[in-house]
Every structure is written in C-alpha cells, then in structure tokens.
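Chains as they are written, first to last, in my numbering: chain Y, 334 to 708; chain L, 155 to 566; chain R, 6 to 276.
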C-alpha cells in the first residue's frame with residue numbers, strides 16, 4: 334500500500350513535505366503508522382461495504398462486516414485522539430475522504446459487481462424477478478450476436494457526433510477566446526444558457542423542428558438544399574426526422590458545450606505573445622495556428638472528446654426521439670432489455686461490455702493526460 | 155347531462171380536449187369501416203334536454219379541486235388507467251371521477267399513467283413478483299395481460315358480491331377466455347384496432363392492411379408496440395384466424411413481412427399512444443391505431459380517418475383488476491358498481507368513444523345523443539363484429555416465442 | 006491575436022466570426038422553439054404545431070397538476086441530493102487538495118470513474134443492486150443515485166477551484182493562536198465557499214435534468230424529465246414549455262447574479 338501520486342501538483346503546507354513518506358523515521362518510532370491506519374481503514378471499509386452491498390456476504394457475516402466497517406471508523410477516531418497533532422494531521426485526509434468514498438463504494442462499485450454477477454446469471458423462469466448466478470457466459474454471446482449492430486451504431490454515431498462537435502465547437506471557442514474581448518464572459522454564458530432547459534425538452538424541440546412539415550425541412554426545401562442533402566444521404570427523400578442524420582445531429586447539439594468549454598479553457602491559457610512571436614517566425618497566421626495554437630489546445634480537445642464521446646455512446650434519448658427502428662443504439666437496447674423486456678442478464682451483459690470498453694478509453698486517456706482537465 | 159351548447163371562450167387547458175361527443179356532433183368527421191356518418195353532422199341539440207346525472211352543483215368546478223364530503227368517510231381509492239380513458243370534468247360537465255367522488259365521498263386518485271402493457275408489467279414485476287404490493291388499487295391491463303397476472307397469482311379476486319351492477323355486464327364478456335371464472339376482472343372498455351391514416355399524406359382512402367406496405371408510403375408508416383394489435387392485423391392479412399391461432403408457425407410469415415418492412419425503412423417508428431402526434435403532423439401517412447383515439451383526433455384534424463381493414467381488424471378488451479394486496483376493496487367495489495350503472499357508463503362512452511362493456515348503455519346514450527347510439531364503432535353491428543377478431547389466448551411458451559420475435563423486430 | 010493585414014486573412018477572420026455566430030444560432034434554435042411554444046394555443050393534446058399566440062398558458066403555469074407535482078418532486082430530490090453531495094464532495098476535495106497522502110492516485114481515479122461511466126451503466130447497475138437487495142425503487146433510491154454522481158462532480162470541481170489556494174494562510178492563522186476549527190470556519194471556509202457554491206449549483210442542475218439514471222431507479226416516482234418523457238406519448242401541454250422557460254430564466258438570473266457578485270467581490274478585493 335505505497336501508492337503515491339507523483340503527478341499530483343497540489344500545494345501542501347510546508348510542514349507536510351518533511352514527512353511525506355510512510356517509511357520516515359517518524360513512522361519507525363511509532364508502532365503503527367497513522368497513514369496506514371487511514372488508508373487501510375478506508376480501503377477495508379470500502380471493500381466490506383462492496384461485499385455487503387453485493388450480497389457476497391450475507392446473514393451473520395454481513396453483520397460482522399458492517400461491524401468491522403464501523404470499527405474502521407472508530408479506529409480512525411481513536412488514532413486521531415491518541416496519536417497527537419502529527420498523527421491527526423496525517424490521518425485527516427482519510428477522515429475527510431471517508432464518507433464520500435464509502436458512498437461511492439456502496440453505490441458505484443458495489444452496483445458494478447452486482448451488474449457483473451447479473452450478466453453471468455440466468456432467469457429461472459420467464460417472469461422471474463431475480464436471475465440466478467450460474468456463470469452463464471451465454472449472455473455475452475447474445476449481447477454480441479443479437480445486438481452487435483446496436484454496439485456499432487452506438488459507438489459510430491457517438492464518434493461522428495464527437496467529430497462534429499470539434500468542427501463546430503473549436504471555431505466557436507477560438508473566436509470567443511481570441512476575439513471575445515470583454516464580451517468573453519457573456520459569450521461563454523450564451524453557450525451554457527441553452528443547457529439550462531431540460532435535455533428531453535430540447536430533444537423534443539428538435540423532433541418538432543425536424544418534423545416532415547416542420548420549419549427546417551421547409552427551409553431546406555425552399556432554399557433548394559433538399560436534393561443535395563438527399564443525394565449525400567443526409568436526408569431520406571424529403572424527410573430528415575427519424576434518420577441517422579437526425580440522431581447524430583441531436584447528439585452533436587446536446588454535447589456541443591462539453592466540447593466547446595474545455596477547448597476554450599485550453600485556448601485561454603495560451604500566451605498571446607507566443608502566438609505573435611510565432612507569426613513573425615512563421616510569417617502567417619495559418620502556420621502559426623497549426624504550429625503553436627492547435628498543439629497547445631489539444632488537451633482541451635481530448636478532454637472534450639472524452640466528455641462528449643462517453644455520454645453520447647450510451648445515450649438513447651436522441652435515438653428514441655429522432656431515430657427509426659433501424660437506427661437503434663446500444664443504450665436503447667440496454668434500456669429496452671432491462672425496463673421493458675425484463676431480460677436482466679442480457680441487459681447487464683451489454684451494460685458491462687459498454688462499461689468495459691469505455692473504461693479502457695478512460696484508462697488510456699488518464700495515462701496520457703491525467704484527470705485534471707475533466708472537472 | 156345539461157349541455158348548453160354554447161361555445162364560450164374559456165381558458166381551460168381542457169378546452170383542447172373538449173367533450174368528444176360534442177365536438178363530434180359538430181364536426182361530424184368519422185369513418186367507420188370506411189363509411190362516414192353524416193348523421194353525426196347534426197348539431198348536438200339532443201343533449202340539452204337529457205339530464206340523467208346527479209349533482210349539477212359541482213358541475214363548473216375543476217377536477218379534484220373540491221374535497222368531496224357528500225358521503226362522508228368513504229376512504230380513498232387509486233385507479234391507474236390508460237390516458238384519455240374517462241370523461242374529464244370540463245366546461246360545464248362533471249367528469250365521471252368527480253361525480254363518483256361527490257356521490258360516494260371517496261377520495262379518488264385517478265392517474266392516467268398506464269402507457270404500455272409490456273412496460274407496465276416490467277414495472278410492477280419486481281414488486282408483485284416478490285410479494286410486495288403496488289400503490290394502485292385498480293389497474294386496467296389489456297385482457298392478455300390480465301390472463302398472465304391471474305396465472306402468476308398476482309391479482310386479488312374482485313369484491314364482486316359488492317357490485318350488484320355486475321348484472322349489467324355484456325353477456326359476451328361473461329367468463330371470458332382470459333378470466334374463465336370471471337372472478338378477477340371486470341372489463342373497463344373494449345374496442346378495435348385498425349388502420350388510421352392522414353388523407354393529406356396518403357392522397358387516397360385506405361381500406362386494406364396491404365396499404366401499410368405500399369412503397370409509396372415508405373418511411374411514413376407507424377406500427378403499435380402492442381404486439382397483438384400490430385401482429386393481429388398482419389396475420390389477418392395473411393389469412394390467419396387470430397381468434398383460434400395456437401402456434402408460432404402460424405405467425406411466422408407475418409413476422410417476416412414485418413421484419414422486411416422494418417429493414418426496408420417502410421416503418422418509421424413503433425409507437426404507443428404517441429402515434430396520434432405523428433399522424434396529425436403528417437410524419438405518419440398511415441399507422442395501426444385504436445378506434446376511439448383516432449375518432450377524437452379526427453375531430454381536431456378532419457384529415458384523420460380510421461378504417462377497419464377489409465382483411466379484418468382486431469378487437470380487444472381492457473379490464474379492471476385489483477393487484478394482490480390492494481388496500482381499498484370496498485371503495486373499489488363502489489367505483490365498479492358506479493361505472494356499471496348504464497347511466498354513468500353512457501357518460502364515459504359518449505366521451506371515450508369505445509365499445510362499452512355495460513349492457514344498456516345504448517338505450518341511455520340514445521337519450522343523450524341518438525346519433526352516437528347507432529355508431530357501429532361504439533355499438534358494433536353484425537358486419538363489424540364479423541370483421542373483427544380477438545387474439546386467442548396463447549400458451550405461455552408460444553407467447554414467449556411471439557414476444558421474443560416481436561421484440562427482436564421492433565428494434566431496441 | 007492581432008489582426009492580419011492581408012485581404013485573405015480578413016476574409017478568413019470574418020468567415021470564422023460568422024461561423025461562430027451561426028453555431029450560436031444553432032445552439033439557440035430549440036430554445037427559441039421552447040419559449041415560443043409556451044405562447045402557443047394548441048389545437049388538441051399535443052403542443053407541437055403552431056396555432057395562435059396566447060398568454061393563457063402563462064396565466065396558469067401550474068394548471069397541469071401532474072406536471073407541477075413532478076417538478077416539485079424533482080426540486081425536492083435535487084435539493085436533498087445536492088446538500089448531501091456538496092458536504093461529502095467538498096470534504097473529499099479538501100482532503101485531496103490539502104494533503105498529500107498514500108492512495109491519493111487510486112482514490113483520485115475512483116473519483117473520476119463515475120463521471121466517465123455512461124449514465125445508462127450507472128442507472129442499470131444501481132437498479133440491479135436495488136433489485137438484488139429487495140429495495141423498492143422510489144424517491145430514496147433516486148436521491149441515492151443522484152448523490153452518487155454528484156459527489157464526484159462536486160469533489161472534482163471544488164478541487165479544481167481550491168487547487169490554487171494558499172494553505173499557508175491556515176498555518177498563519179494557527180500560529181496566531183486560532184484553534185483548528187476556528188481556522189477552518191474563519192479562514193479556509195470563506196475562501197473555498199465560492200467554489201463550493203458553484204459546484205453545488207451545477208450539481209443541482211445536473212440532478213434536476215437527469216433522465217437516464219432516474220428512469221432506472223424511480224419506481225413509481227415521477228420527476229420532471231420522466232413526466233416530460235411520458236407526456237410525449239399522451240398529451241404535451243403548453244405548461245411544459247412554460248415551466249421549462251421559467252426554469253431557464255431563473256437559471257440565467259442565478260448565473261448572472263453569481264457572476265455579478267463575483268465581479269464586485271474581486272473589485273472590492275482589488276481595491
């Protein structure tokens with residue numbers, strides 16, 4: 334248990350620095366290192382809660398586990414009271430973290446374990462409420478064979494929408510950051526304001542705007558764009574609602590701020606003198622942009638990609654309101670199998686696969702960029 | 155019902171859902187089985203004099219605003235029903251729920267939150283399936299689901315002995331196939347599924363299920379998520395008698411047809427009640443729809459028509475049942491008794507425009523609105539009965555096959 | 006960036022400005038629809054086709070009782086969950102930013118995970134937990150679910166805000182004889198309060214608007230988004246647009262006043 338974080342750049346109080354490692358002489362003096370108690374207690378309590386939450390331990394064992402969980406908290410307090418100021422200071426972060434972290438252990442980690450177990454279970458009968466755990470990997474093959482198309486479309490639509498949010502969001506963020514002047518705050522507010530109305534109502538608004546007799550197809554028709562859009566496959570004849578383009582358009586709309594804002598943040602940090610110098614150096618705004626500005630804004634683009642792609646890949650609201658039966662996506666399949674067909678095992682398997690794929694993305698991302706840009 | 159046929163402006167939200175009957179009488183747009191009913195064009199004069207109901211006093215008050223005290227200590231009741239399935243209090247008419255509350259003193263919670271049989275079943279399953287109870291005292295699932303709930307033991311027997319008016323139950327609904335002893339369910343309304351279309355979008359009258367597969371309407375067709383109505387029409391078009399069907403094979407070719415239509419993009423969406431919106435905005439040219447619903451839409455939008463296709467339409471029944479452990483049995487019995495009074499039932503029928511399960515409604519409706527009393531969609535004549543079929547009760551394993559295949563096709 | 010002198014450069018520049026303006030218009034299209042249709046007088050049950058202008062919907066914004074109930078339920082859930090999540094999340098943020106300790110990276114990762122998990126996974130996994138534990142889904146489970154995703158959000162947002170905080174101030178206060186508690190309430194808390202407030206407001210908004218996670222864990226409870234979703238099938242009243250517009254305006258006012266207070270505060274400090 335000697336995980337430390339070299340990348341952490343938080344400012345510690347000076348006296349912290351003298352004794353950051355658990356192997357210091359101070360630790361050797363005391364029989365028990367308060368840091369170990371803190372971290373160990375936190376992890377143990379979290380683990381116990383996960384075990385209880387997932388019913389991996391039940392009955393008497395569960396009572397004991399819960400008692401132990403309480404015990405770790407008592408231990409923390411005892412250590413703090415007996416250990417003196419230095420021990421208190423060392424143990425403080427664990428005390429601060431504990432309530433929230435235990436909540437996450439019980440209501441984030443434990444559900445994932447339950448989900449995994451359900452995905453390997455079988456419904457004993459058609460209308461059974463609970464699935465019985467029996468290492469049924471068949472649910473995963475069902476998930477891939479019956480819903481492979483939905484996985485592909487889910488990720489495909491999300492990817493296209495993410496690219497579109499970059500194409501729309503980058504110029505917007507760029508103009509605000511470099512040309513907004515004193516109106517920057519106001520312009521940023523304008524990006525955010527539309528998102529103070531309900532996500533569902535916004536999507537329903539698009540449903541209405543795109544309807545066959547709605548304003549947008551009428552305008553497209555009036556300006557003569559309809560044949561062109563039909564030819565490139567965006568419109569289906571004279572309709573745009575209930576097409577893949579409508580689904581992607583809805584996703585793009587709903588996640589645009591999640592792209593534009595991180596890009597803005599990274600652009601804003603760029604030193605303008607640097608850009609000016611680059612312009613002199615490379616004699617041209619375009620080259621200056623691609624050699625200096627764009628590379629420096631990449632962290633924002635990547636953060637935005639994560640913040641857009643992840644929710645978009647699991648979304649089903651846009652498909653539900655703007656799509657058709659041939660555009661169903663994985664999020665919708667999970668929802669349908671879970672809440673309508675009552676096929677918990679297969680829904681859980683699909684959910685878990687989605688989670689696993691996304692987690693791989695996140696792990697790769699955090700390896701390269703850390704997690705600071707996501708907040 | 156005292157219905158001064160005035161058209162005073164009024165800011166009520168409910169105005170948009172004015173009494174179907176009165177609007178119908180005014181607009182007179184309805185095509186039953188392809189035939190329009192010009193007789194309905196007559197103004198609603200007949201209704202003014204007929205005042206069979208009680209309590210004119212609270213007539214002008216909005217729903218639920220007054221705490222009824224008439225009967226005193228009547229307890230409470232929670233009925234979770236399909237939307238637009240009872241006459242509301244609007245304009246100067248008191249809705250059935252409010253009339254009941256005033257007369258019985260029972261505080262009734264009437265929620266229109268039952269949207270879809272399959273979805274609702276999935277919602278109550280974790281509760282009823284583990285011996286817990288659900289909030290509503292009465293729900294009104296479609297007959298096939300009633301059968302399933304009885305088989306699962308998730309229903310209580312109705313307090314039929316406290317419902318003397320049960321004697322008014324239509325004879326053909328006594329001991330139905332889904333509830334052979336008739337102890338668990340009492341039909342709320344029955345009706346038909348057929349083809350609804352927007353003549354502005356189709357450009358022609360439709361009268362056949364085959365029209366739903368007309369390439370001309372590619373991407374403009376809607377189908378219901380209610381499997382028995384959608385598949386019922388398709389199977390009838392394939393020449394299958396759905397009232398006696400017992401195997402999955404009988405439906406196989408209809409399923410293939412549905413799947414092909416979906417893959418070709420013929421079907422725009424599978425919908426629940428929301429087909430009404432798509433139909434009126436023209437997103438759907440035609441779709442599978444329910445008779446009473448479409449009639450109301452036709453009043454607002456004269457381009458909307460409903461037809462029982464020549465290949466045959468489905469007939470269905472939604473029935474009141476009490477989930478296991480429902481608390482307010484006495485109040486439920488009073489409500490059922492109230493609704494099975496032909497005088498009250500006629501008020502409901504006049505508004506919902508479905509086929510009432512209560513015998514004697516036709517005679518009462520004649521007093522209110524003689525034209526409605528001869529509408530074959532409300533009081534089916536022999537010709538209509540001959541062209542509509544109820545979906546047979548499927549054996550559980552067969553039903554599972556149907557459900558799985560249908561779920562597979564409807565996407566998701 | 007200084008203005009480029011070439012004519013091509015100015016075309017590019019203005020093209021870019023126009024494009025950005027067009028994107029802003031795109032962002033506002035549905036908002037215009039929502040606000041406009043709150044003044045519509047629909048014919049029939051669905052407020053989707055423009056008919057006539059009316060103020061009736063605004064005279065009776067609470068007319069649709071079930072809708073109002075759903076909004077109140079949403080506000081209750083958002084208030085309760087935000088309070089819990091703000092306390093738990095802020096504690097984590099202070100712990101993470103204030104101290105360097107073992108397990109920091111691991112805990113940091115655990116904190117980020119919920120934010121990078123698709124909502125559908127969070128919703129369905131929590132629902133399996135509640136099903137397994139025989140917990141009837143309803144108001145409480147929705148609050149639990151909302152607190153869950155809000156904690157991470159609050160913690161990371163507050164941490165980002167207190168990152169630049171000068172912790173030596175605490176030391177100074179204690180050196181001057183202040184007790185740790187007094188130090189926290191008199192020195193630390195006022196300084197991190199704006200960050201906490203901003204985070205809690207945003208997480209309130211997240212809770213109010215959550216649909217997917219709520220759908221899986223609501224049982225028979227109806228929240229504003231759930232009600233809107235069901236309304237699309239049954240009857241979409243103009244009151245939905247009215248209430249959505251009110252929520253929008255209230256949020257904008259809140260944001261504007263927050264910005265204003267922030268500006269005044271920084272001016273005062275600058276003086």
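Don't be surprised by glycine CBs; every beta carbon is placed ideally from N, CA and C. Small disclaimer: the values here were computed from a predicted structure and weren't measured.
Exercise. Would you give the residue range spanned by the beta strand (DSSP E) that residue 348 of chain L belongs to?
Key: What you label residue 348 of chain L is simply residue 194 of the second chain in a count that begins at 1. Counting along the chain, the beta strand (DSSP E) containing residue 348 of chain L begins and ends at 340-352.
Self-check item: CB of residue 549 of chain Y within 8 Å of CB of residue 558 of chain Y, strictly
Solution: For the purposes of this step, residue 549 of chain Y is taken as residue 216 along the first chain, with counting starting at 1. For the purposes of this step, residue 558 of chain Y is taken as residue 225 along the first chain, with counting starting at 1. Taking 8 Å as the Cβ cut-off, residue 549 of chain Y and residue 558 of chain Y do not qualify as a contacting pair.
Quiz item: Out of curiosity, what's the CA-to-CA distance linking residue 208 of chain L and residue 237 of chain L?
Solution: One-based indexing of the second chain puts residue 208 of chain L at position 54. One-based indexing of the second chain puts residue 237 of chain L at position 83. Only weak support exists for where residue 208 of chain L lies, its pLDDT of 35 falling under 50; the coordinates are left without a value.
Quiz item: For residue 216 of chain R, which of R/52, R/161, R/13 and R/82 has the nearest alpha-carbon?
Solution: As a working note, residue 216 of chain R is residue 211 in the third chain. When each option's Cα is compared against that of residue 216 of chain R, the closest is R/82.
Self-check item: Identity of the residue in L/521, L/490 and L/398 nearest residue 504 of chain L by Cα
Solution: The count along the second chain starts at 1 and reaches residue 504 of chain L at position 350. The candidate whose alpha carbon is nearest that of residue 504 of chain L is L/521.
Exercise. Name the one or two DSSP bridge partners that residue 468 of chain L has.
Key: One-based indexing of the second chain puts residue 468 of chain L at position 314. BP columns for residue 468 of chain L point to L/347 and L/543.
Quiz item: Hey, would you say residue 461 of chain L sits closer than 8 Å to residue 353 of chain L, going by beta carbons?
Solution: As a first step, residue 461 of chain L must be located in the second chain, where it is residue number 307. As a first step, residue 353 of chain L must be located in the second chain, where it is residue number 199. No, Cβ-Cβ distance for residue 461 of chain L and residue 353 of chain L is not below 8 Å.
Exercise. State whether the stretch 674-685 of chain Y contacts the stretch 460-473 of chain Y, with contact taken as three or more CB pairs (one from each stretch) at a distance under 8 Å.
Key: yes
Quiz item: When the Cα atoms are used, what is the spatial distance from residue 404 of chain L to residue 363 of chain L?
Solution: Counted from its first residue, the second chain places residue 404 of chain L at position 250. Counted from its first residue, the second chain places residue 363 of chain L at position 209. The alpha-carbon atoms of residue 404 of chain L and residue 363 of chain L are separated by roughly 18 Å.
Quiz prompt | For residue 32 of chain R and residue 608 of chain Y, the rounded distance between their alpha carbons | solution = One-based indexing of the first chain puts residue 608 of chain Y at position 275. One-based indexing of the third chain puts residue 32 of chain R at position 27. Spanning the two alpha carbons is a distance of roughly 30 Å.
Quiz prompt | Where residue 105 of chain R sits in the DSSP three-state scheme | solution = Within the third chain, the letter at position 100 stands for residue 105 of chain R. Here residue 105 of chain R sits in coil by DSSP.
Quiz prompt | Exposed unless 16 or more other CB atoms sit within 10 angstroms - verdict on residue 541 of chain L | solution = Indexing the second chain from 1 puts residue 541 of chain L at position 387. Per the 10 Å Cβ criterion, buried.
Self-check item: Inter-residue Cα distance where the pair is residue 345 of chain L and residue 79 of chain R
Solution: Here residue 345 of chain L corresponds to residue number 191 of the second chain, with the count starting at 1. Here residue 79 of chain R corresponds to residue number 74 of the third chain, with the count starting at 1. In a straight line, the C-alpha of residue 345 of chain L is about 37 Å away from that of residue 79 of chain R.
Self-check item: Residues of the stretch 410-423 of chain L whose Cβ lies closer than 8 Å to any Cβ of chain Y, in chain order
Solution: 416, 417, 419, 421, 422 and 423
Quiz item: If you compare alpha carbons, which of L/469, L/467 and L/448 is closest to residue 459 of chain L?
Solution: For this step, residue 459 of chain L is matched to residue 305 along the second chain. Of L/469, L/467 and L/448, the residue nearest in Cα terms is L/448.
Quiz item: Where does residue 391 of chain Y land, buried or exposed, given buried means 16+ other C-beta within 10 angstroms?
Solution: The residue labelled residue 391 of chain Y in the question sits at position 58 within the first chain. So residue 391 of chain Y counts as exposed.
Quiz item: Any chance the stretch 166-180 of chain R sits against the stretch 93-108 of chain R, with 3 or more Cβ pairs inside 8 Å?
Solution: yes
Quiz item: Using a beta-carbon distance below 8 Å, is residue 137 of chain R in contact with chain L?
Solution: Within the third chain, the letter at position 132 stands for residue 137 of chain R. No, residue 137 of chain R lies away from the interface with chain L (no Cβ there is under 8 Å from its Cβ).
Quiz prompt | Other residues of its chain near residue 336 of chain L: CB distance less than 7 Å, five sequence neighbours each side excluded | solution = In the second chain, the residue the question calls residue 336 of chain L occupies position 182. Excluding residues within five positions, the ones whose Cβ falls inside 7 Å are 328 and 329.
Quiz item: Among all the DSSP beta bridges, which residues are the ones paired with residue 424 of chain L?
Solution: Residue numbering aside, residue 424 of chain L sits at position 270 when the second chain is read from its first letter. Beta-bridge pairing links residue 424 of chain L to L/377.
Self-check item: Cβ of residue 175 of chain L within 8 Å of any chain R Cβ
Solution: The count along the second chain starts at 1 and reaches residue 175 of chain L at position 21. Because residue 175 of chain L sits at a pLDDT of 46, beneath the cut-off of 50, its placement in the model cannot be relied upon, and the following sentence gives the value as read from the coordinates. It does not; no Cβ of chain R falls within 8 Å.
Quiz item: Is the beta carbon of residue 291 of chain L less than 8 Å from the beta carbon of residue 490 of chain L?
Solution: If you number the second chain from 1, residue 291 of chain L lands on position 137. If you number the second chain from 1, residue 490 of chain L lands on position 336. Their beta carbons are not under 8 Å apart, which means residue 291 of chain L does not touch residue 490 of chain L by this criterion.
Quiz item: Which residues in the same chain as residue 688 of chain Y place their Cβ atom closer than 6 Å to its Cβ, once the five residues preceding and following it in sequence are excluded?
Solution: Working through the first chain from its first residue, we reach residue 688 of chain Y at position 355. Excluding residues within five positions, none has a Cβ falling inside 6 Å.
Quiz item: What residues of chain R sit near residue 329 of chain L, judged by a beta carbon separation below 7 Å?
Solution: Mapped onto the second chain, residue 329 of chain L falls at position 175. Result: empty, since nearest Cβ-Cβ is about 33 Å, beyond 7 Å.
Self-check item: Residues bridged to residue 187 of chain R (per DSSP)
Solution: Here residue 187 of chain R refers to the residue found at position 182 when the third chain is read from its first residue. Answer by DSSP bridge pairing: none, since residue 187 of chain R is not bridged.
Quiz item: Among L/315, L/369, L/246 and L/340, which residue has its Cα nearest to the Cα of residue 325 of chain L?
Solution: Position 171 of the second chain, counted from the first residue, corresponds to residue 325 of chain L. When only C-alpha atoms are compared, the closest one is L/340.
Exercise. Counting only the same chain and skipping the five closest in sequence on each side, list residues whose C-beta sits under 6 Å from that of residue 215 of chain L.
Key: Start at 1 with the first residue of the second chain, and residue 215 of chain L comes out as number 61. Low per-residue confidence applies at residue 215 of chain L: pLDDT is 36, beneath 50, and the placement is therefore not dependable, though the value from the model is reported in the following sentence. Excluding sequence neighbours, residue 215 of chain L sits near nothing in its chain.
Self-check item: DSSP-derived helix/strand/coil call for residue 459 of chain L
Solution: The sequence position of residue 459 of chain L within the second chain is 305, counting from 1. Here residue 459 of chain L sits in strand by DSSP.
Quiz item: Given residue 42 of chain R, which residues of its chain have a CB within under 7 Å of its CB, disregarding the five upstream and five downstream residues?
Solution: Position 37 of the third chain, counted from the first residue, corresponds to residue 42 of chain R. Once the five neighbours on either side are set aside, the close Cβ partners of residue 42 of chain R are 52, 243 and 246.
Quiz item: Going along the stretch 663-675 of chain Y in order, which residues come within less than 7 Å of chain L, judged by CB to CB distance?
Solution: 665, 666, 669, 672, 673, 674 and 675
Practice problem: Mind checking the stretch 470-484 of chain L against chain R and listing, in chain order, the residues whose C-beta falls within less than 7 Å of any C-beta there? | Solution: none
Exercise. Out of Y/384, Y/611 and Y/536, state which residue places its alpha-carbon closest to the alpha-carbon of residue 447 of chain Y.
Key: Looking up residue 447 of chain Y in the first chain gives position 114. Answer by Cα proximity: Y/384.
Quiz item: Taking 8 Å as the CB-CB limit, is residue 280 of chain L close to chain Y?
Solution: On the second chain, residue 280 of chain L is found 126 positions in, with the first residue counted as 1. Residue 280 of chain L counts as touching chain Y.
Self-check item: Run of the alpha helix (DSSP H) containing residue 312 of chain L, from where it starts to where it stops
Solution: As a working mapping, residue 312 of chain L is identified with position 158 in the second chain. Residue 312 of chain L -> no alpha helix (DSSP H), and no H or E assigned at all.
Quiz item: If you check the beta carbons only, do residue 143 of chain R and residue 86 of chain R fall under 8 Å apart?
Solution: What you label residue 143 of chain R is simply residue 138 of the third chain in a count that begins at 1. What you label residue 86 of chain R is simply residue 81 of the third chain in a count that begins at 1. For residue 143 of chain R and residue 86 of chain R, no; Cβs fall outside 8 Å.
Quiz item: Which residues in the same chain have their Cβ closer than 6 Å to the Cβ of residue 454 of chain L, if we skip the five residues on either side of it in sequence?
Solution: Here residue 454 of chain L is taken as the residue at index 300 of the second chain, counted from 1. Cβ within range, chain order: n/a, list empty.
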